[in-house]
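Undergrad:
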Amino acid sequence: MKQFSVKIINPDSKKEINFNENFEYKFFKDIPDLFLEDGNSLTKIQSDFYNDVKFPNYDDVEDFGSLLDKSRRSIFVKKLDDEIPMGSNILEAGCGTGQMSIILSRYARQIYGIDLSKGSLIEAKQFIDSNNIKSVHLFRMNIFKLFFKENTFDVIISNGVLHHTHNPKLAFSKLVRVLKPGGIIVIGLYHRYGRIIQKIRQSSIKNFGDSFKFLDK
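Heads up: the sequence shown begins at 1 in UniProt numbering, then just goes up one per residue.
1. Hey, quick one: how far does the alpha helix (DSSP H) through leucine 34 stretch, first residue to last?
2. Let me know the secondary structure DSSP gives aspartate 115 once reduced to three states.
3. Compute the Euclidean distance between the alpha carbons of glutamate 24 and leucine 34, then round it to the nearest angstrom.
4. For asparagine 129, does the count of other Cβ atoms within 10 angstroms reach 16, so buried, or fall short, so exposed?
5. With distances taken from CA atoms, which of Gln126, Arg140, Phe76 is nearest lysine 134?
6. Quick check: does the Cβ of tyrosine 58 come within less than 7 Å of any heavy atom belonging to the ligand ADP?
7. On a CA-only basis, which of Ser105, Ala108, Leu138 is nearest glycine 119? Give me that one, please.
8. Leaving out five residues before and five after isoleucine 75 in sequence, what residues of the same chain have Cβ atoms less than 6 Å from its Cβ?
9. Which residues bound the beta strand (DSSP E) around proline 168?
10. Using 10 angstroms around the beta-carbon of methionine 100, count the other beta-carbons present and answer buried if the total reaches 16, otherwise exposed.
11. In this structure, what does DSSP give as the bridge partners for isoleucine 103?
12. At what residues does the beta strand (DSSP E) containing serine 158 begin and finish?
13. Would valine 155 pass as a contact of isoleucine 103 if the rule is Cβ separation under 8 Å?
14. Which class does glutamine 46 belong to by DSSP, given the choice of helix, strand or coil?
15. Kindly indicate the opening and closing residues of the beta strand (DSSP E) around isoleucine 90.
16. My guess is that proline 184 and threonine 165 are in contact by the Cβ rule of under 8 Å, so how many angstroms apart are they, rounded?
17. Quick test of your reading: isoleucine 9 and phenylalanine 148, contact by CB under 8 Å. State the CB separation rounded to the nearest angstrom.
18. Apply the 10 Å Cβ neighbour rule to alanine 124 and answer buried if 16 or more other Cβ atoms are within range, or exposed otherwise.
19. Is the separation between the beta-carbon of leucine 162 and that of isoleucine 187 shorter than 8 Å?
As structure tokens, then:
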């Protein structure tokens with residue numbers, strides 16, 4: 001039976017879920033599939049589209065050590081890792097292939113990574129298993145149908161996700177509901193200045209080739 005540091009509940013019935021032999025939901029690659037429809041067609045379209053998408057990839061990462069080295073080059077990730085307290089329960093909403101969740105999994109933290117994409121979650125699970133990481137827990141889940149109780153997480157991170165939903169304000173409120181009072185929520189959104197930087201990266205790679213691909217990491 002799987003054991004977690006937080007309670008997993010059905011958002012509709014409010015019943016706690018026990019991960020035993022009578023578990024009523026499906027697994028894929030030992031990942032609980034807790035995705036529920038929210039009645040919006042965009043969520044269904046996104047779910048279908050992202051199922052086969054794997055982002056970010058592990059092409060330049062061999063093991064946990066090399067992933068950690070890569071992460072320390074990111075000011076954003078380094079700041080999070082340095083500032084989040086030991087022993088925190090953390091939710092990453094839109095975890096993709098789990099790289100940030102894995103990086104933050106040190107220091108007795110428990111990480112819950114959710115995503116729509118089966119492909120990304122499978123990629124994350126393979127890396128987690130091959131590196132014997134025990135503190136990252138993956139679920140396929142809809143951000144509008146979270147299987148967590150109110151006031152559950154010390155820290156919630158959602159980077160580059162909310163603006164892709166059909167209702168970013170509602171998605172944000174769903175995350176706030178499961179955040180503990182006094183907890184920290186970190187939201188990353190695309191904006192016009194970020195798009196300028198992205199265009200510079202793309203232009204540099206287009207004009208100067210492989211020598212500028214480091215800009216896109």
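Glycine included, every Cβ here is placed at the ideal spot set by N, Cα and C. Computed from a predicted model, the values in this text were never measured in an experiment.
TA: Considering the structure as presented:
1. Residue numbering aside, residue 34 sits at position 34 when the sequence shown is read from its first letter. First-last for leucine 34: undefined, no H or E at that position.
2. Translated into the one-based positions of the sequence shown, residue 115 becomes position 115. Residue state, collapsed to three classes: strand.
3. Here residue 24 refers to the residue found at position 24 of the sequence shown. Here residue 34 refers to the residue found at position 34 of the sequence shown. Glutamate 24 and leucine 34: Cα-Cα distance of roughly 10 Å.
4. Locating residue 129 in the sequence shown gives position 129, counting from the first residue. The question names asparagine, but residue 129 is aspartate in the sequence shown. Exposed, because fewer than 16 other Cβ atoms sit within 10 Å of the Cβ of aspartate 129.
5. Start at 1 with the first residue of the sequence shown, and residue 134 comes out as number 134. It is Gln126.
6. As for the ligand ADP, it is missing from this structure, which has no ligand bound.
7. Taking the sequence shown and counting its residues from 1, one reaches residue 119 at position 119. Ranked by Cα distance from glycine 119, the options Ser105, Ala108, Leu138 are led by Leu138.
8. One-based indexing of the sequence shown puts residue 75 at position 75. Here the set comprises nothing.
9. Translated into the one-based positions of the sequence shown, residue 168 becomes position 168. Looking at the DSSP string, proline 168 is not in any beta strand (DSSP E); the run it does join, the alpha helix (DSSP H), is 168–177.
10. For the purposes of this step, residue 100 is taken as the residue at position 100 of the sequence shown. By the Cβ-count criterion, methionine 100 is buried, with 16 or more other Cβ atoms from all chains shown falling within 10 Å of its own Cβ.
11. For the purposes of this step, residue 103 is taken as the residue at position 103 of the sequence shown. For isoleucine 103, which the question treats as bridged, DSSP gives no partner whatsoever.
12. Here residue 158 is taken as the residue at index 158 of the sequence shown, counted from 1. 153–159 is the span of the beta strand (DSSP E), which, as asked, contains serine 158.
13. As a first step, residue 155 is located in the sequence shown; it is residue number 155 there, counting from the start. As a first step, residue 103 is located in the sequence shown; it is residue number 103 there, counting from the start. Taking 8 Å as the Cβ cut-off, valine 155 and isoleucine 103 do not qualify as a contacting pair.
14. Locating residue 46 in the sequence shown gives position 46, counting from the first residue. Judged by DSSP in its simplified three-state form, glutamine 46 adopts helix.
15. Numbered from 1 along the sequence shown, position 90 holds the residue referred to as residue 90. For isoleucine 90, the enclosing beta strand (DSSP E) begins and ends at 89–93.
16. Looking up residue 184 in the sequence shown gives position 184. Looking up residue 165 in the sequence shown gives position 165. In the sequence under discussion, the amino acid at residue 184 is isoleucine, which differs from the proline named in the question. No, isoleucine 184 and threonine 165 are not in contact; Cβ-Cβ is about 21 Å, not under 8 Å.
17. As a first step, residue 9 must be located in the sequence shown, where it is residue number 9. As a first step, residue 148 must be located in the sequence shown, where it is residue number 148. Contact between isoleucine 9 and phenylalanine 148 is confirmed by a C-beta separation of about 7 Å, below the 8 Å threshold.
18. Residue 124 sits at position 124 when you count from the first residue of the sequence shown. Buried.
19. By 1-based counting over the sequence shown, the position of residue 162 is 162. By 1-based counting over the sequence shown, the position of residue 187 is 187. Yes. Within cutoff.
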